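For the record, in the sequence shown the residue sitting at position 57 is 57 according to UniProt numbering, with numbers rising by one throughout.
Positions of the beta carbon are idealized from the N, C-alpha and C atoms, including for glycine.
Everything numeric in this text was worked out from a predicted model, so none of it was measured.
Here is the structure we will look at, set down as structure tokens.
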Amino acid sequence: MKIIKIILVIALFLIALALGAQNQETVTFNYLIAQNELPLSLLLGIVFVVAFAIAWLIFGSLYLKSKFTVLRLRKQLNKAQASSTKPSEQLPEIKG
């Protein structure tokens, strides 16, 4: 399965490279301070990389937040289990 994923990624990269080679039209890109003329394929690549980085930061922060929440709740569970006086009322251990 991993080999199929690698082949798929390489194929998509080659398709993107072929399409980028065909889109050499220059476009004027206006941003807040100035403007610049860039090839369309380069502009699309830059926008894709920036969007990927922003999405990675957002979802990475959500992932870390959930990991810290799980860690905090496990500590609370361990503390509750340690303070329980009846051994028959202990909760099962959560793995993962």
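query: Residues of its chain near G20, where Cβ-Cβ distance is below 6 angstroms and the 5 sequence neighbours each way are ignored; result: S41
query: Where the beta strand (DSSP E) containing N30 begins and where it ends; result: T26 to N30
query: Start-to-end residues for the beta strand (DSSP E) that takes in N36; result: Q35 to P39
query: I58 versus V47 - alpha carbon distance; result: 17 angstroms
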